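Have a look at the structure below, then the notes.
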Amino acid sequence: MTGTQRSSEGLDPRRRKLLFRSWHRGMREMDLILGSFADAEIGALTGDEIDQYERLLEIPDTDFFPMVTGERPVPPDIDCALLQKILASRRTMTF
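When we follow the working numbering, the leftmost residue of the sequence shown carries the number 2, and every step to the right adds one.
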């Protein structure tokens with residue numbers, strides 16, 4: 002079971018792949034954070050945001066998780082509008 006609440010039906014192949022990757026990170030905490038974000042937002046992301054999201058998903062969980070939880074500052078080279086959306090959505094998540 003992945004935890005996803007969203008069907009990939011109706012998504013283009015690129016968004017389907019990102020939805021799957023969001024829920025299959027390797028670290029369950031990141032699955033929940035990025036998977037929940039993708040469930041809510043993947044259908045509405047712009048082309049530029051999709052590009053940003055693909056780059057963010059390349060970051061290993063061991064590096065990304067401390068940034069998402071605020072334990073480590075976000076380096077300027079990966080700080081982008083989409084990362085700020087993810088951080089904002091995390092603050093409103095309830096598990």
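Ideal Cβ placement from N, Cα and C applies to all residues, glycine included. Only a predicted model underlies this, so the values are computations on that prediction, with no experimental measurement involved.
A distance below 7 Å between beta-carbons, with the five flanking residues on each side excluded, links Tyr54 to the following residues of its chain, in chain order: Leu19, Leu46 and Leu83. Note that the C-beta distance between Ile43 and Arg16 is below 7 Å. Taking C-beta separations shorter than 6 Å and ignoring five residues to either side along the sequence, the partners of Val75 in its chain run Met68, following chain order.
A straight-line Cα-Cα distance of about 12 Å links Gly27 and Phe66.
In the DSSP assignment, Ala89 falls within the alpha helix (DSSP H) that extends over Ala82 to Arg92.
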